[in-house]
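For reference, the structure is listed below as structure tokens.
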Amino acid sequence: MSATQDLEDRRVLRRTLRVASVEGGVIEVEIDRASGCAACAARAGCATGALAELAASAPLRLALPSGARVQPGDEVVVAIPAGGFLGAVSAAYLVPPLVLVLAVGLFTALGLPDLAVAGLSLPVFALSLWPVRRVERRGRVLADLSIVDILPKATGQGA
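When you line the sequence shown up against the numbering used here, it's residues 106 to 264, in that order.
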């Protein structure tokens, strides 16, 4: 393996997922909702841990277009370039709070009362979520996700 190929492999995020169903060219995989709270020593007395357990009752399902030969119960290793993942995470978790902070700062600097600042900031925050929804509807993140290995249910080894 060359040094360039090794470097490229480090820039790819991988995860093993369970195949839930296969219909036509679409594979539906299940993702267990992970939480850092599961390993925390203080989780017994933590309200955040209790909320995470309540919200994480059902696995998340994701549909992937693929021509791979898999059956329900098999596991697949999926990969996504780290840059694509970081772009999606930035759009979802960094841009909306940043827009909200800027809006609150601007409205406060204009001398508006607190109630008006709050009332005007909420629609601005809602609008800041629009690019995330647009990216999700176009399937850009899923387009970067690819199946790199198949682990059949019966043997447990890659195909």
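In this text, a Cβ means the ideal position worked out from N, Cα and C, and glycines have one as well.
With DSSP as the reference, please indicate the residues paired to residue i in a beta bridge.
i: residue 170; result: 131
i: residue 124; result: 134
i: residue 186; result: 117
i: residue 219; result: Answer by DSSP bridge pairing: none, since residue 219 is not bridged.
CB-CB under 7 Å to residue i, same chain, minus the five flanking residues each way: which ones, in chain order?
i: residue 164; result: 135, 136, 137, 138
i: residue 251; result: 183, 184
I think residue i touches residue j, with their Cβ atoms under 8 Å apart; what is that distance to the nearest whole Å?
i: residue 249; j: residue 186; result: 6 Å
i: residue 174; j: residue 133; result: Rounded, the Cβ-Cβ distance is 15 Å, inconsistent with contact.
Quick one: is residue i buried, meaning 16 or more other Cβ sit within 10 Å of its Cβ, or exposed?
i: residue 196; result: buried
i: residue 202; result: exposed
i: residue 181; result: buried
i: residue 131; result: exposed
i: residue 179; result: buried
i: residue 122; result: buried
i: residue 152; result: exposed
i: residue 208; result: buried
i: residue 124; result: buried
Give me, in chain order, the residues of the same chain whose beta-carbon lies closer than 8 Å to that of residue i; leave out the 5 immediate sequence neighbours on both sides.
i: residue 111; result: Confidence at residue 111 is low in this model, with a pLDDT of 45, below 50, so the placement of that residue should be treated as unreliable; the coordinate-derived value is given next. Nothing listed; no residue qualifies.
Using three-state DSSP, classify residue i as helix, strand or coil.
i: residue 164; result: coil
i: residue 232; result: helix
i: residue 258; result: coil
i: residue 175; result: coil
Skipping 5 residues on each side, what residues in its chain have a beta carbon closer than 6 Å to that of residue i?
i: residue 212; result: 222, 225
i: residue 116; result: 187
i: residue 229; result: 208
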